[in-house]
Amino acid sequence: MDDTTIISDSKDKLEKLISMCHSFFKINNIQANIQKYELIKINAKEKEDLNIEGVKIKKVNDEEGNRYLGFYFEYNNKRSIYKRKIKEIVDKAAKIMRFKMLTEKQVTAVWNMVNLPSSLPNYIMYDKDLIGLKNIYDLQSEMLSKNIIYYANSCSELSLLFDIQMRNLQLKYWTSYCLGEHGEVLTLGNNSYLGDALKILKENNLTICDPEIVDGRNYSIKGGNIKIEDIFTPLEYKKWKTSLKK
39 MDDTTIISDS KDKLEKLISM CHSFFKINNI QANIQKYELI KINAKEKEDL NIEGVKIKKV
99 NDEEGNRYLG FYFEYNNKRS IYKRKIKEIV DKAAKIMRFK MLTEKQVTAV WNMVNLPSSL
159 PNYIMYDKDL IGLKNIYDLQ SEMLSKNIIY YANSCSELSL LFDIQMRNLQ LKYWTSYCLG
219 EHGEVLTLGN NSYLGDALKI LKENNLTICD PEIVDGRNYS IKGGNIKIED IFTPLEYKKW
279 KTSLKK
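Reading the sequence shown from the start, the letters are residues 39 to 284 in this note's numbering.
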């Protein structure tokens with residue numbers, strides 16, 4: 039698997055996040071090598087060592103600064119290293135391009151990083167017959183749908199958690215609809231990855247349930263002839279459902 043990075047503002051919170059990650063690894067049958075864990079501290083007031091399952095995690099703060107995802111930082115968070123690194127990168131590029139002919143790869147890099155983003159309309163960049171780039175939002179939607187499908191159809195423990203969360207969402211929003219098909223009734227930002235994912239997928243006309251294709255394999259609640267949601271308008275139902283519950 040790819041590397042995992044955990045960021046926290048205290049040792050206690052970091053240990054809780056690591057414990058959550060280990061639980062996730064266990065559910066998905068992922069092996070994590072604790073011996074390879076590394077720790078970077080920034081302005082840390084706590085002097086205690088970080089120990090995980092009896093293993094002391096090595097601190098890898100570099101006196102010259104650490105680099106992560108293209109950003110440099112020091113253990114004391116001084117800004118001077120940022121300015122110094124930016125100057126070094128600019129000076130190095132200027133020396134390469136100043137007194138000699140650029141190679142084909144260097145010209146391509148300059149074009150892609152400087153001219154291309156500032157001059158080409160999106161439709162030229164995304165058209166498959168032209169540059170053929172993939173829209174990052176479409177890629178995120180694709181990744182989200184794959185994660186949910188894997189979540190729902192994985193091993194018994196993970197798929198059971200999926201079923202429980204689907205039922206809990208129905209109770210929370212007090213709806214008999216299958217939320218895999220009717221994600222529009224959900225709202226974003228309620229600390230539910232599954233709920234947020236279904237809402238976003240629905241906004242992009244993507245659903246994970248289709249009772250017309252696979253009969254009986256959706257999450258709608260059976261029983262009765264008329265759904266309460268069908269009696270009211272969506273706005274009325276949203277306004278009154280709390281009172282109706284009582």
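Heads up, the beta-carbon is just placed ideally off N, CA and C, and yes, glycines get one too.
Note that the structure is a prediction, hence the values are computed from the model and not measured.
Worksheet item: So, helix, strand or coil for Leu140, using DSSP?
Response: Here Leu140 carries a coil assignment [DSSP, helix/strand/coil].
Discussion item. Can you list, in chain order, the residues of its chain with a C-beta nearer than 8 Å to that of Leu244? Leave out the 5 residues immediately preceding and following it.
Written reply: The answer, listed in chain order, is Ser179, Ser183.
Worksheet item: Exposed or buried, what is Leu55 when buried is set at 16 or more other beta-carbons lying within 10 Å of its beta-carbon?
Response: Exposed, by the Cβ-count rule.
Worksheet item: Going along the chain, which residues of its own chain have a beta-carbon closer than 7 Å to the beta-carbon of Glu91, five neighbours each way excluded?
Response: Result list for Glu91: Ile72, in chain order.
Practice prompt. Could you check what DSSP says for Ile90 in three-state terms: helix, strand or coil?
Written response: Strand, per DSSP.
Item to complete: Measure the C-alpha to C-alpha separation of Asp50 and Glu86 and round it to an integer number of angstroms.
Response: Within the model, the alpha-carbon separation for Asp50 versus Glu86 is close to 11 Å.
Worksheet item: What is the DSSP secondary structure of Lys97, counted as helix, strand or coil?
Response: Reduced to three states, the DSSP call for Lys97 is strand.
Worksheet item: Assuming Leu207 contacts Gly233 under a Cβ cut-off of 8 Å, what Cβ separation, rounded to an integer in Å, is found between them?
Response: About 5 Å; that satisfies the 8 Å criterion.
Discussion item. Taking 8 Å as the threshold (C-beta atoms), are Lys64 and Lys79 in contact?
Written reply: No, they are not a contact pair.
Practice prompt. Using the Cα positions of Asp268 and Ser230, report the straight-line distance between them to the nearest angstrom.
Written response: Roughly 26 Å separates the two Cα atoms.
Worksheet entry | Sequence-distant residues of its chain with Cβ nearer than 8 Å to Ile186 (five each side left out) | Hits under 8 Å: Leu232, Ala235, Leu236, Leu239, Ile246.
Worksheet entry | Reduced DSSP category for Glu76 - H, G, I as helix; E, B as strand; rest coil | In this structure, Glu76 counts as strand in the three-state DSSP scheme.
Discussion item. For the alpha helix (DSSP H) containing Ala190, name the first residue and the last one.
Written reply: First-last of the alpha helix (DSSP H) with Ala190: 174-190.
Worksheet item: Run through DSSP, which three-state label would Tyr215 get?
Response: Here Tyr215 carries a coil assignment [DSSP, helix/strand/coil].
Worksheet item: If you run the structure through DSSP and keep just helix, strand and coil, what is Arg117?
Response: It is coil, neither helix nor strand.
Worksheet entry | Buried or exposed by the 16-neighbour rule on C-beta atoms within 10 Å, applied to Gly227 | It is exposed - the Cβ of Gly227 has fewer than 16 other Cβ atoms within 10 Å.
Discussion item. For Gly233, report the span of its alpha helix (DSSP H) as first-last.
Written reply: Looking at the DSSP string, the run of the alpha helix (DSSP H) that includes Gly233 is 231-241.
Worksheet item: Roughly how many whole angstroms lie between the Cα atoms of Leu196 and Asn66?
Response: Each residue's Cα considered, the two are about 8 Å apart.
Discussion item. On the criterion of 16 or more Cβ atoms from any shown chain inside 10 Å, does Gly170 qualify as buried, or is it exposed?
Written reply: Exposed, because fewer than 16 other Cβ atoms sit within 10 Å of the Cβ of Gly170.
Item to complete: Assuming Asn173 and Tyr164 form a contact by the criterion Cβ under 8 Å, report the distance between their Cβ atoms to the nearest whole angstrom.
Response: That pair is a contact at about 6 Å.
Practice prompt. Please confirm whether Thr42 and Cys59 have their CB atoms less than 8 Å apart.
Written response: Against a cut-off of 8 Å, the Cβ pair of Cys59 and Thr42 comes out as a contact.
Practice prompt. Could you please give the first and the last residue of the uninterrupted alpha helix (DSSP H) stretch that includes Leu171?
Written response: For Leu171, there is no enclosing alpha helix (DSSP H), as DSSP marks it with neither H nor E.
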